[in-house]
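Below is one structure, written out as structure tokens, with a few remarks after it.
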Amino acid sequence: MAETRTTLREHEAELVVASVTAVAGGVRELRLADESGTGLPPWTPGAHVDLVLGDLVRQYSLCGDPTDASSYTVAVLREQESRGGSAFVHEKLAEGSKVTMRGPRNHFPLVSAPSYQFIAGGIGITPLLPMIAEADASGADWHLTYGGRTRGSMAYADLLAGYGDRVTLAPADEVGLLDLAWILGDPGSGTLVYCCGPEPLLAAVDAVCEKAWPPGALHLERFAAKAADAPADGERAFELVLAGSGVTLQVPPDKSVFDVIQDAGISVLGSCHEGICGTCEQAVLEGEVDHRDSVLNESEKAANDAMMVCVSRCLSDRLVLDL
Amino acid sequence: MSSTRPPGAAAAVPTDCWYALATSAEVDRRLLAVRALGRPVLLFRTQAGGVVALEDRCAHRAYPLSAGALDDDTVRCGLCGFVYDSGGRCVSVPTQPRVPFGAHVAAYPTLERDGLVWAWLGEPGRARLHRVPELPWLTEPGWATVGGTAGIDAGFLLLHENFADVTQVPFVAPEIAPAALADAPPPLEVVVTETTVELGRTFPASPLPGWQAQMLGVADAQGATVQRAFFHSPAVWTDHWDVEHGAGTARMRFTQLVTPVDGRRSHLHWRVSRDFAIDDPAADERMHSMFGDYYERVQAAMETAQAVLDLDGPGREVNVAADVAALRVREIVRGMLADEGQAFARDQNRP
Ligand code: FES
Ligand code: FES
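Here the protein sequences come in this chain order: A and B.
At position 309 of the first sequence the residue is numbered 309 (our numbering), and the sequence of numbers has no breaks.
Just add 323 to wherever you are in the second sequence, counting from 1, and you've got our numbering.
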């Protein structure tokens with residue numbers, strides 16, 4: 001019997017910018033429509049897509065209506081120190097532009113809970129918008145604290161005002177920085193914390209939750225790679241066993257686990273290759289993982305049962321993956 | 324480990340999903356009892372034509388409302404006469420003027436599309452945030468559809484994993500498979516998203532299977548046969564087979580509506596739609612018997628697999644490259660259950 005060659009890839013589609021709307025100072029909302037007529041795949045709150053912007057690939061959270069099969073909505077902040085993606089969106093995309101989209105995927109899913117503390121900083125509000133709609137529809141008890149530089153820089157503030165006192169808007173020029181110790185002062189049992197925003201906010205929330213909240217209560221999402229360090233004495237080689245496929249491979253110091261797997265002809269998904277999108281996650285059966293990604297939180301890293309094979313490596317001599 | 328689990332005690336089922344509970348034609352002014360997701364559900368149509376889905380168990384005693392009677396748009400329990408409105412509220416009891424405070428049965432959101440009645444048995448508020456896959460070929464003109472329903476003693480995930488394994492068709496039913504399928508299988512492409520899995524492959528032009536050649540009046544495909552398969556949600560799997568022949572493209576759509584009765588039993592509504600030989604009762608009959616046969620074989624195979632799981636629990640499995648779609652489906656279900664706070668039983672299926 002002849003062999004069936006199998007390839008695995010993420011869904012990709014060419015979308016058309018159907019509208020561009022300024023939703024706050026420096027923030028553009030894009031509605032990306034499917035013109036093929038086949039319809040866009042369903043997604044759940046917290047999901048993001050890759051947009052291919054010239055030579056760059058950037059991740060943006062979906063913030064529209066999950067039941068809309070004909071378009072996806074993203075909101076993009078023009079970053080001062082743009083790595084090129086936000087500048088491309090602001091300068092090059094207009095109504096009618098075509099954009100290649102990959103995904104959706106979700107590494108920030110909303111886990112069902114009786115109550116939620118949502119914390120957004122600036123453009124980090126985008127993944128939280130559909131989460132809030134879902135939490136509200138579920139009848140959960142929830143509160144959002146939304147910080148930003150100024151009121152005018154905060155996208156969707158008007159829409160959120162409709163939720164009344166469940167939402168606290170906190171522009172820094174009016175009220176100063178978020179008082180996280182107070183916001184997170186009551187680690188209620190069953191309450192989950194969802195946070196998205198700039199790195200200093202994430203680090204601060206992480207630090208408060210680490211001390212006072214039960215493990216697993218905090219869920220956060222990063223869209224820029226945290227600096228991950230290679231060991232001072234250089235990268236090491238190790239043996240890689242793919243238990244499900246029954247093969248043993250060698251990972252040399254200058255090659256990633258991802259590349260070694262792929263070179264062996266085994267299908268793995270990857271997107272960012274920087275440890276930020278979570279696409280290449282694999283289950284770990286054995287070996288001490290040297291985590292270099294920005295997807296897993298500290299307790300997930302400590303659990304040592306999953307890794308991002310695009311950047312993470314192994315501290316022991318043998319790494320066994322369930323692949 | 325090797326004890327037999329009682330039926331129904333097994334695996335978790337995602338509730339945040341629209342499931343097809345019946346066809347539109349089955350729901351009328353009679354009380355229809357169905358089971359889904361481990362609970363009894365009562366379906367009926369209001370005078371205005373809407374579909375109502377209620378918990379099929381009286382709030383008073385252990386008695387199904389479906390054994391009662393429909394008066395206008397209210398249901399009267401057959402045992403001692405509590406009356407419920409279409410929202411599940413108890414509106415009168417025969418023995419006292421005041422209705423017991425808070426007496427009600429659950430009412431589930433429903434919607435009707437493509438000739439099917441869909442119900443949402445999860446948290447009611449979330450229903451409007453989720454889509455029902457569109458299956459237009461089931462009702463659009465230009466298509467002929469045959470189908471059937473089977474109660475299957477196998478979990479919903481076993482069924483989906485079976486549909487994900489397109490390589491089993493030549494083994495289970497060699498006579499329905501495209502001829503090329505048997506010898507040199509073309510590469511299989513698996514395309515994934517957060518919530519869906521799609522498989523695709525393209526067969527080169529080759530002689531058509533006898534039944535199809537006869538219905539189309541041509542012997543050979545002139546162009547490629549494109550086969551695509553979709554996992555839309557735990558409720559829906561569809562397959563598309565498009566054959567290019569001399570006079571155009573002949574299209575077939577296989578719709579598999581999977582409704583978990585509980586963790587280890589399912590209802591399968593299968594439909595086979597075609598856009599050729601559509602006003603041809605003989606073709607209907609042929610399709611019905613051929614594919615009815617195919618689904619019976621699938622049923623037997625999956626019941627055998629479930630029996631192994633029931634008896635001996637999950638075991639170590641060897642996966643081959645072509646299993647990637649099935650593994651992805653399992654991953655999606657695992658993620659849905661995790662988000663709902665439900666555990667994916669290790670022996671839901673296999674490890
Ligand atoms: S490919 Fe993005 S985390 Fe590995
Ligand atoms: S059981 Fe239904 S009214 Fe008594």
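All C-beta atoms, glycine included, are put in the ideal place defined by N, C-alpha and C.
Whether residue 439/B touches residue 348/B by CB criterion (7 Å) = For residue 439/B and residue 348/B, no; Cβs fall outside 7 Å.
How would you label residue 595/B, buried or exposed, when you count the other beta carbons within 10 angstroms and need 16 or more for buried?
-> Buried, because 16 or more other Cβ atoms sit within 10 Å of the Cβ of residue 595/B.
Identify whether residue 217/A lies in helix, strand or coil by the three-state DSSP scheme.
-> If DSSP states are grouped into helix, strand and coil, residue 217/A belongs with coil.
At a CB-CB cut-off below 9 Å, which residues of chain B make contact with residue 67/A?
-> Within chain B, the residues near residue 67/A are 451, 452, 453, 454.
Terminal residues of the alpha helix (DSSP H) in which residue 183/A lies | Segment 180-183, the alpha helix (DSSP H) holding residue 183/A.
Does any heavy atom of ligand 2 sit closer than 6 Å to the C-beta of residue 413/B?
-> Set against 6 Å, the gap from the CB of residue 413/B to the closest heavy atom of ligand 2 is not smaller.
Based on Cα-Cα distance, which residue from 616/B, 651/B, 667/B lies nearest to residue 469/B?
-> The shortest Cα separation from residue 469/B among 616/B, 651/B, 667/B belongs to 616/B.
Tell me, please, whether the segment 558-568 of chain B touches the segment 526-541 of chain B by the rule of three or more beta-carbon pairs shorter than 8 Å.
-> Contact between the segment 558-568 of chain B and the segment 526-541 of chain B is established, with three or more Cβ pairs separated by less than 8 Å.
Residue span of the alpha helix (DSSP H) that contains residue 614/B, given as start and end | Taken as a continuous stretch (DSSP letters only), the alpha helix (DSSP H) holding residue 614/B covers 604-635.
From the beta carbon of residue 511/B, is the nearest beta carbon of chain A less than 7 Å away?
-> Closer than 7 Å to some Cβ of chain A, the Cβ of residue 511/B qualifies, so yes.
Specify the secondary structure class of residue 411/B as computed by DSSP and reduced to three states.
-> Three-state result, residue 411/B: coil.
7 Å Cβ cutoff met for residue 523/B and residue 551/B | Taking 7 Å as the Cβ cut-off, residue 523/B and residue 551/B qualify as a contacting pair.
Return yes when the C-beta of residue 538/B is under 6 Å from any heavy atom of ligand 1, and no when it is not.
-> Remark: the C-beta of residue 538/B is outside contact range of ligand 1, defined as less than 6 Å to any heavy atom.
C-alpha distance - residue 211/A paired with residue 180/A, whole-angstrom precision = If I take the Cα positions, the gap works out to 12 Å.
DSSP bridge partner residues for residue 356/B (one or two, in chain order) = In the DSSP output, where bridge partners are listed per residue, residue 356/B has 365/B.
Note down the Cα distance separating residue 136/A from residue 98/A, rounded to an integer number of angstroms.
-> Those two C-alpha atoms are separated by around 34 Å.
C-beta contact flag for residue 625/B and residue 452/B at 7 Å = It is not a contact, given that the beta carbons lie outside the stated cut-off.
Grab the span of the alpha helix (DSSP H) containing residue 130/A for me, first residue to last.
-> Unbroken alpha helix (DSSP H) run through residue 130/A: 125-137.
Is there a Cβ from chain B that is less than 7 Å from the Cβ of residue 43/A?
-> Answer yes: the Cβ-Cβ gap between residue 43/A and chain B drops below 7 Å somewhere.
Under the rule that 16 or more other beta-carbon atoms within 10 Å means buried, what is residue 717/B, buried or exposed?
-> Since the first and last residues shown for chain B are 324 and 674, residue 717/B lies out of range.
Establish whether the CB of residue 11/A and some CB of chain B are separated by less than 7 Å.
-> Between residue 11/A and chain B, the shortest Cβ-Cβ separation is below 7 Å.
Candidates 547/B, 556/B, 590/B, 591/B: closest to residue 573/B by CA position = Nearest C-alpha to residue 573/B: 547/B.
What do you reckon, are the CB atoms on residue 363/B and residue 351/B nearer than 7 Å?
-> No, these two residues do not count as a Cβ contact at 7 Å.
Could you tell me whether the segment 457-464 of chain B touches the segment 388-399 of chain B, using the rule of 3 or more Cβ pairs below 8 Å?
-> Not touching, per the Cβ criterion.
Residues that DSSP places opposite residue 59/A in a beta bridge | Bridge partners of residue 59/A: 50/A.
Using three-state DSSP, classify residue 112/A as helix, strand or coil.
-> Judged by DSSP in its simplified three-state form, residue 112/A adopts coil rather than helix or strand.
Taking 7 Å as the CB-CB limit, is residue 267/A close to chain B?
-> For residue 267/A, the answer is yes, since a Cβ of chain B falls inside 7 Å of its Cβ.
Report yes or no: do the segment 371-378 of chain B and the segment 431-448 of chain B share at least 3 C-beta pairs separated by less than 8 Å?
-> Yes: the two stretches touch, three or more of their Cβ pairs being nearer than 8 Å.
Just to check, is the beta-carbon of residue 384/B closer than 6 Å to a non-hydrogen atom of ligand 2?
-> In terms of side-chain proximity, the C-beta atom of residue 384/B is found nearer than 6 Å to a non-hydrogen atom of ligand 2.
Locate the alpha helix (DSSP H) running through residue 85/A, then write down its first and last residues.
-> Segment 85-92, the alpha helix (DSSP H) holding residue 85/A.
Please report the Cβ distance between residue 118/A and residue 144/A, rounded to the nearest whole angstrom; I am assuming they are in contact, meaning their Cβ atoms lie under 8 Å.
-> Confirmed, about 4 Å.
Less than 8 Å between the CB atoms is what I'm expecting for residue 629/B and residue 478/B, so what's the real figure, rounded?
-> Contact flag correct, Cβ pair sits at about 6 Å.
Neighbour-count burial assignment, residue 248/A, 16 or more Cβ in a 10 Å radius = Looking at its Cβ environment, which holds fewer than 16 other Cβ atoms inside 10 Å, residue 248/A is exposed.
Look at the Cβ atom of residue 254/A, then the Cβ atom of residue 275/A, and state whether they are nearer than 7 Å.
-> At the C-beta level, residue 254/A and residue 275/A stay beyond 7 Å of one another.
Segments of 3+ residues assigned as beta strand (DSSP E) that fall wholly inside the segment 545-590 of chain B = Assignment of beta strand (DSSP E) within the segment 545-590 of chain B, counting only whole runs of 3 or more residues, yields 548-556, 559-568, 571-585 in chain order.
Closer than 8 Å at the beta carbon, the chain A residues around residue 661/B | Per Cβ cutoff of 8 Å: 109, 111.
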